């Protein structure tokens with residue numbers, strides 16, 4: 056039975072397991088690296104699905120996208136099921152990612168004002184049709200140590216678990232955090248739930264000596280800072 060299941064094509068998968076459908080239903084950030092690569096290559100071969108082929112390629116390079124990005128078209132084409140056209144698609148996509156990373160690295164990761172945090176968060180929370188909640192982890196010098204996705208909701212809200220927020224902060228030994236979520240409607244007005252979760256997280260942070268220094272709401276092209284508006 057297991058051998059038969061391994062050879063099932065993408066068309067026979069459950070709807071939620073198909074990479075393209077999963078991207079449409081759940082958003083691009085919910086896909087694994089292998090699923091994203093599978094979308095690029097489109098199809099596998101008679102013995103494996105596009106996702107299985109992608110996993111095999113990634114496993115050959117310790118699942119390291121930087122290593123994969125350094126491969127030439129000729130090197131990628133050595134994998135059975137990867138022709139020149141598929142190799143070109145992978146190389147082009149990873150090159151775009153590399154160029155984007157260079158632009159991000161050129162920007163300062165130190166947060167001095169709310170607009171510094173906004174510039175870091177905007178690429179993560181812009182152009183979404185649902186709400187997502189993220190947290191920025193900062194060290195004592197206010198340099199960003201990490202950006203972490205916490206939860207996803209619908210068009211009108213998302214639920215955040217304080218335990219997850221501070222578990223993440225403690226794992227990275229963060230000195231402070233900046234909370235952030237988006238409003239797909241474009242409205243920047245905090246909801247009652249926004250106010251309540253902010254207060255709850257501030258109080259929890261005080262017990263753990265991890266400061267919640269701001270909470271940003273991102274709209275279409277603007278943002279609101281709880282700190283700037285004296286809402287915290």
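In the numbering used here, the protein residues as written are 56 to 287. Even for Gly, the Cβ is constructed at its ideal location relative to N, Cα and C. Here the structure is a predicted model, which is why all the values come from computation and not from measurement.
Looking only at its chain, what residues have a beta carbon closer than 6 Å to the beta carbon of residue i, apart from the 5 residues adjacent to it on each side?
i: residue 279; result: 243, 272
i: residue 274; result: 238, 241, 243
i: residue 141; result: 96
Verify whether the separation of the beta carbon atoms of residue i and residue j is less than 9 Å.
i: residue 136; j: residue 100; result: yes
i: residue 88; j: residue 169; result: no
i: residue 216; j: residue 206; result: yes
i: residue 174; j: residue 208; result: no
i: residue 190; j: residue 220; result: yes
i: residue 235; j: residue 265; result: no
i: residue 295; j: residue 147; result: Given a span of 56 to 287 for the chain in the structure shown, any question on residue 295 remains unanswerable.
i: residue 120; j: residue 113; result: yes
i: residue 153; j: residue 172; result: no
Could you have a look at residue i and say whether DSSP puts it in helix, strand or coil?
i: residue 174; result: helix
i: residue 250; result: helix
i: residue 122; result: helix
i: residue 219; result: helix
i: residue 110; result: helix
i: residue 145; result: helix
i: residue 77; result: helix
i: residue 92; result: helix
i: residue 99; result: coil
i: residue 152; result: helix
i: residue 271; result: strand
i: residue 187; result: strand
i: residue 266; result: strand
i: residue 133; result: coil
Rounded to the nearest angstrom, what separates residue i and residue j at their Cα positions?
i: residue 195; j: residue 183; result: 31 Å
i: residue 250; j: residue 95; result: 41 Å
i: residue 201; j: residue 98; result: 34 Å
i: residue 222; j: residue 255; result: 15 Å
i: residue 276; j: residue 269; result: 19 Å
i: residue 151; j: residue 143; result: 12 Å
i: residue 286; j: residue 248; result: 13 Å
i: residue 263; j: residue 252; result: 17 Å
i: residue 128; j: residue 203; result: 33 Å
i: residue 188; j: residue 82; result: 14 Å
i: residue 176; j: residue 199; result: 11 Å
i: residue 281; j: residue 245; result: 9 Å
i: residue 330; j: residue 145; result: Beyond the ends of the chain as shown, which are 56 and 287, falls residue 330; an answer cannot be given.
Excluding five sequence neighbours on each side, which residues of the same chain lie with their C-beta closer than 8 Å to the C-beta of residue i?
i: residue 111; result: 103, 134
i: residue 118; result: 88
i: residue 180; result: 187, 189, 235, 236, 237, 273
Given residue i, which residues of its chain have a CB within under 7 Å of its CB, disregarding the five upstream and five downstream residues?
i: residue 122; result: 116
i: residue 90; result: 74, 77, 106
i: residue 93; result: 74, 105, 106, 109
i: residue 257; result: 267, 287
i: residue 259; result: 217, 221
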